[in-house]
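Asks: Let me begin by handing over the structure; questions about it come next.
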Amino acid sequence: MNKLSLIIRREYLAKVRNKSFVIMTFLSPILMVGMIVLIAYLTEVNDSQKRIIAVLNESNYFSTDFNSTERTSYIQFKDLSLQAAKDSTSSLGIFGLLHIPDELTLEDVAKNSFFYSKEPPSTMVLRSIEDIFEERLRQGKLIDIGVSTEEFATINDQFEINTATFTGELNLKGINEMKAFIGGGFGYLIMMFIIIYGGFVMRSVIEEKTSRIIEVIISSVKPFQLMLGKIIGTSLAGITQFSIWIVSASLLLLAVFLIFGVDLTGLSGQAAMGPNPMNTISPIPGPADTMQLYALELIQIPWFMLISFFLVYFILGYLIYSSIYAAIGAAVDNETDTQQFIFPIILPLMLAIYVGFFSVFSNPHGPIAVAFSLFPLTSPIVMLMRLPGGIGEGGVPLWQLLVSILSLIITFIAIVWLAAKIYRVGILMYGKKPTYKELYKWLKY
Amino acid sequence: MNNILVASNVTKKFGDQIALNDVSLAIPRNSIYGLLGPNGAGKTTLLRIINQITYPDSGEIIFDGELLQPHHIALIGYLPEERGLYKSMKVGEQALYLAQLKGLTKTDAKQKLKYWFDKLEISDWWNRKIQELSKGMAQKIQFIVTVLHEPKLLIFDEPFSGFDPINANIIKDEIIKLRDKGTSIIFSTHRMESVEELCEYIALLHNAEKILDGKLEDIKKQYKNNLFRVGLELENGENFLKLISEKFDVSSSQYDGHRKQLDFTVQLPSDDTRALLALLSSKASVNSFVETIPSANDIFIQTVQQKNEHE
Chain A
6 MNKLSLIIRR EYLAKVRNKS FVIMTFLSPI LMVGMIVLIA YLTEVNDSQK RIIAVLNESN
66 YFSTDFNSTE RTSYIQFKDL SLQAAKDSTS SLGIFGLLHI PDELTLEDVA KNSFFYSKEP
126 PSTMVLRSIE DIFEERLRQG KLIDIGVSTE EFATINDQFE INTATFTGEL NLKGINEMKA
186 FIGGGFGYLI MMFIIIYGGF VMRSVIEEKT SRIIEVIISS VKPFQLMLGK IIGTSLAGIT
246 QFSIWIVSAS LLLLAVFLIF GVDLTGLSGQ AAMGPNPMNT ISPIPGPADT MQLYALELIQ
306 IPWFMLISFF LVYFILGYLI YSSIYAAIGA AVDNETDTQQ FIFPIILPLM LAIYVGFFSV
366 FSNPHGPIAV AFSLFPLTSP IVMLMRLPGG IGEGGVPLWQ LLVSILSLII TFIAIVWLAA
426 KIYRVGILMY GKKPTYKELY KWLKY
Chain B
1046 MNNILVASNV TKKFGDQIAL NDVSLAIPRN SIYGLLGPNG AGKTTLLRII NQITYPDSGE
1106 IIFDGELLQP HHIALIGYLP EERGLYKSMK VGEQALYLAQ LKGLTKTDAK QKLKYWFDKL
1166 EISDWWNRKI QELSKGMAQK IQFIVTVLHE PKLLIFDEPF SGFDPINANI IKDEIIKLRD
1226 KGTSIIFSTH RMESVEELCE YIALLHNAEK ILDGKLEDIK KQYKNNLFRV GLELENGENF
1286 LKLISEKFDV SSSQYDGHRK QLDFTVQLPS DDTRALLALL SSKASVNSFV ETIPSANDIF
1346 IQTVQQKNEH E
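Those sequence lines, one after another, are chains A and B.
According to our numbering, the first sequence is numbered sequentially starting from 6.
According to our numbering, the second sequence is numbered sequentially starting from 1046.
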């Protein structure tokens, strides 16, 4: 046990004292905050620019339809020829010209309308114009079948369905996505941690091989102890780095906002992405009591349970993946040979994130979400996305959670055992790039 | 209990490849034991088994009267052939770390390191990083780390590779001093010439098998073939050579008429030299008469060749 703590201590110090590690630790928050500020600034600049579109309307329709909005202003041209209108549009530096010709019927008018511009317009620009046409066409047809304009106005209701659970609690729209987003944040954290610090473990094993110190050390300690010490030491260094990042980035962000006087609440949606899902998810800022309901739901998320399970999945998931990384490091002689082995590890991680964001968001307890949250290589990420809904009724069934953790533990033992075997043989093999077949043989040495 | 280590019928396979085939050895206490063999003979595998880095498929190792166990690691010092140090770590820190892994306490390790650093005159390296040192300097540190915890059994795998002749001599002297203090030493190499002056016992490994072992002196006696190199001073050397060739098996002869010097090698049927010497001294003045004892290298080549012929 004493030897293990010696190894952990050395690995930790070796990592923490490493120059590039120190630089990354202090530079990353600055880069991160710089990026956020830049994005916020660019978004603001982008939003403040209004697009101007000229409208040359020769028909009897659409006289009141092109009203300026937040993003676009419409200028009406009158009594100009098409050519003159085009010329003045381009000479005035206006984005584009919409020409609505004079025809007999509304359909013909619509059919023969053209949008002229210097550059091909984006679908977003066209969409807003098309919407106006569609609306008018629909209205025209309804008038044809005898619906009056007033009646038409009453048809056009927005509708939101009320939802409740069987026990009668009111549900909130978007709350599932919001919860999955919080869980997704945890899952994403696990993935990043595995990729960054798993890579560190691998490089550190390769370094011991190339510097040929490995045999000196394993004549004193068991290879398994060395591997475990390395993984723990590196992850402690990782936790140190992550903590510094989180603390310093939030302090820096706060400082930037205070100094530049940027409206914190307005920007936090773009700024943080994860921590404040309210702005990105809930589409319409509802009345005050709805906001309170959301806040209540957020508070009611079982944070203690969530964080406890985060730790369980984080530790097991990280140990599984980093021991695979260690085995890869042991199997090769230099980093360039690692590619063929790394891809199969990254794959389940990516899959977990994508499945998580696409499937769990829309249906947290659907078959795909359930399958991936039980499969041990993806469960640390996918299960965490499902968990904010709670355990039991309305959330993750208890049996699924138990099966998920149990299979994770079994996989953990199996993988660490296999990885340790490959590691034990690999660290003493020099000079050749092994194939999968050879790795399989090593298991039997 | 005269042996520090006894290996009995040790077999180790890697897949289909046999690395050690039924090898038995006994390493006597307080001596230097040479483990010899060409590259790939199985030396390193055997050393790794003794260090419990790998485990034998069958057979057993007795260390100091007990079946080899994990706690024996603290009693063994191993300098592997593939050796190195952490490049970006400081010398002193690294030596302390490795010493503590061998079970020394920090204060104990510091004290012993100071002794050895002073002895080998490298105290001012303590705060330098390994990457600033030359290969020979790093080797010295590795040597210190190997012997620091005063193990009962020291194992050196090609200890002199990477050393210049001066430092190789310093290390050789230290190895002999350690032996004199009571340490048992296994010395593995494929360079036979370094064996003669150091080793009291040897074992030859070839193609995963032990083909010869014992006291070097005895082996040499066993392998000497009553071959003598003779140097005479006389007139008419050619005639005398003819005369002697009729009675004895003479080879590689040479007569220098100007200096009246006759040299030749003679093979005797037994180690009884009296008849030959009587004849020689009656006709000429004998300048030299030396029995040619085979070198470890000769013995090795001869044994391997015999082995190959049998197969």
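Backbone N, C-alpha and C define an ideal beta-carbon position, used for all residues, glycine too.
Under the rule that 16 or more other beta-carbon atoms within 10 Å means buried, what is Asn1284 of chain B, buried or exposed?
Replies: exposed
Asks: On the CB-based measure, 16 or more other CB atoms within 10 Å of its CB, does Met1134 of chain B come out buried or exposed?
Replies: buried
Asks: Below 9 Å between beta carbons: does that hold for Ser1229 of chain B and Leu1050 of chain B?
Replies: Yes, the pair counts as a contact, with Cβ atoms nearer than the cut-off.
Asks: Apart from the five residues just before and just after Gly1087 of chain B, which ones in its own chain have a Cβ nearer than 6 Å to its Cβ?
Replies: Ala1064, Leu1065, Leu1250, Ala1253
Asks: Please tell me whether Val1055 of chain B has its Cβ less than 9 Å away from any Cβ of chain A.
Replies: no
Asks: For Leu111 of chain A, which residues in the same chain have their Cβ closer than 6 Å to its Cβ, ignoring the five residues on either side in sequence?
Replies: Taken in chain order, the residues that qualify are Tyr66, Gly145.
Asks: Does the Cβ-Cβ distance between Ile1094 of chain B and Lys1057 of chain B come in under 9 Å?
Replies: yes
Asks: Quick one: grab the DSSP three-state call for Arg1074 of chain B.
Replies: Coil, per DSSP.
Asks: Determine, using beta carbons only, whether Tyr435 of chain A comes closer than 9 Å to chain B.
Replies: yes
Asks: Have a look at B:Phe1309, B:Tyr1123, B:Lys1255 and flag the residue whose alpha-carbon is nearest the alpha-carbon of Ala1287 of chain B.
Replies: Per the sequence shown, residue 1287 of chain B should be read as Lys rather than Ala. The shortest Cα separation from Lys1287 of chain B among B:Phe1309, B:Tyr1123, B:Lys1255 belongs to B:Phe1309.
Asks: From the beta carbon of Pro1210 of chain B, is the nearest beta carbon of chain A less than 9 Å away?
Replies: no
Asks: With contact counted as at least three CB pairs below 8 Å, one residue from each stretch, are the region 316–323 of chain A and the region 198–209 of chain A in contact?
Replies: Between the region 316–323 of chain A and the region 198–209 of chain A, the count of Cβ pairs shorter than 8 Å is three or higher; the stretches touch.
Asks: For Ile12 of chain A and chain B, any beta-carbon pair shorter than 9 Å?
Replies: yes
Asks: For Val42 of chain A, which residues in chain B fall below 9 Å Cβ to Cβ?
Replies: Here the premise fails: no neighbours, minimum Cβ distance about 36 Å.
Asks: Interface residues of chain A around Leu1158 of chain B at Cβ under 8 Å?
Replies: Here the premise fails: no neighbours, minimum Cβ distance about 16 Å.
Asks: Please state if the CB of Ile350 of chain A and the CB of Ile333 of chain A are separated by a distance shorter than 9 Å.
Replies: yes
Asks: Mapping DSSP to helix, strand and coil, what is His1194 of chain B?
Replies: coil
Asks: Please classify Asn1357 of chain B as buried or exposed, where buried requires at least 16 other C-beta atoms within 10 Å of its C-beta.
Replies: Residue 1357 of chain B cannot be examined here, being either before or after the span of chain B that is shown, 1046 to 1356.
Asks: Going along chain A in order, which residues have a C-beta closer than 7 Å to the C-beta of Leu1277 of chain B?
Replies: Those do not exist, as Leu1277 of chain B stays about 56 Å from chain A at its closest Cβ, beyond 7 Å.
Asks: Can you list the residues of chain A that Glu1195 of chain B reaches, using a CB-CB cut of under 8 Å?
Replies: Below the 8 Å Cβ cutoff, chain A contributes no neighbours of Glu1195 of chain B, its closest Cβ being approximately 15 Å away.
Asks: Applying a beta-carbon distance threshold of less than 8 Å, which residues of chain A neighbour Ile1247 of chain B?
Replies: Ordered by position in chain A, no residue passes the 8 Å Cβ test against Ile1247 of chain B, which lies about 23 Å from the chain.
Asks: Tell me Arg1300 of chain B's beta-bridge partners as DSSP assigns them.
Replies: According to the sequence shown, residue 1300 of chain B is Tyr rather than Arg. Beta-bridge pairing links Tyr1300 of chain B to B:Leu1307.
Asks: Using a Cβ-Cβ cut-off of less than 8 Å, give me the residues of the region 1125–1140 of chain B that come near chain A, in sequence order.
Replies: Pro1125, Glu1127, Arg1128, Gly1129, Leu1130, Tyr1131, Lys1132, Ser1133, Met1134
Asks: Quick check on the DSSP output: the alpha helix (DSSP H) that includes Thr154 of chain A runs from which residue to which?
Replies: 154–160
Asks: Could you confirm whether any beta carbon from chain A is found closer than 9 Å to the beta carbon of Thr1152 of chain B?
Replies: no
Asks: Arg56 of chain A touches chain B at which residues, Cβ-Cβ below 7 Å?
Replies: The premise fails here: Arg56 of chain A is roughly 57 Å from chain B at the closest Cβ pair, so nothing lies under 7 Å.
Asks: Apart from the five residues just before and just after Glu1203 of chain B, which ones in its own chain have a Cβ nearer than 6 Å to its Cβ?
Replies: Glu1126, Thr1234
Asks: Are Leu403 of chain A and Ile396 of chain A touching if we call contact CB-CB under 9 Å?
Replies: yes
Asks: Please name the residue, chosen from A:Glu139, A:Phe119, A:Ile373, A:Gln246, that lies closest to Val27 of chain A on a Cα-to-Cα basis.
Replies: A:Gln246
Asks: Output the distance between the C-alpha atoms of Gly279 of chain A and Val38 of chain A, rounded to the nearest integer angstrom.
Replies: Since pLDDT at Gly279 of chain A reaches only 39, below the 50 mark, its modelled position is unreliable, and the value read off the structure follows with that caveat. The straight-line gap from Cα to Cα measures roughly 15 Å.
Asks: What are the residues of the region 1089–1117 of chain B that lie near chain A, defined by any Cβ-Cβ distance shorter than 7 Å?
Replies: The region 1089–1117 of chain B vs chain A, Cβ under 7 Å: Asn1096, Ile1098.
Asks: Could you give the C-beta distance for Leu1080 of chain B and Ala1248 of chain B, rounded to a whole number, given that I count them as a contact under 8 Å?
Replies: 6 Å
Asks: Suppose you measure from the CA of Ser17 of chain A to the CA of Asn339 of chain A; what does that come to, to the nearest Å?
Replies: The sequence given here has Tyr at residue 17 of chain A, not Ser. If you draw a straight line from the Cα of Tyr17 of chain A to the Cα of Asn339 of chain A, it comes to about 22 Å.
Asks: With DSSP collapsed to three states, give me the class of Gln1351 of chain B.
Replies: helix
Asks: For Lys1217 of chain B, which of B:Asp1153, B:Trp1170, B:Leu1165 has the nearest alpha-carbon?
Replies: B:Leu1165
Asks: So, are the CB atoms of Gly1060 of chain B and Lys227 of chain A less than 9 Å apart?
Replies: no
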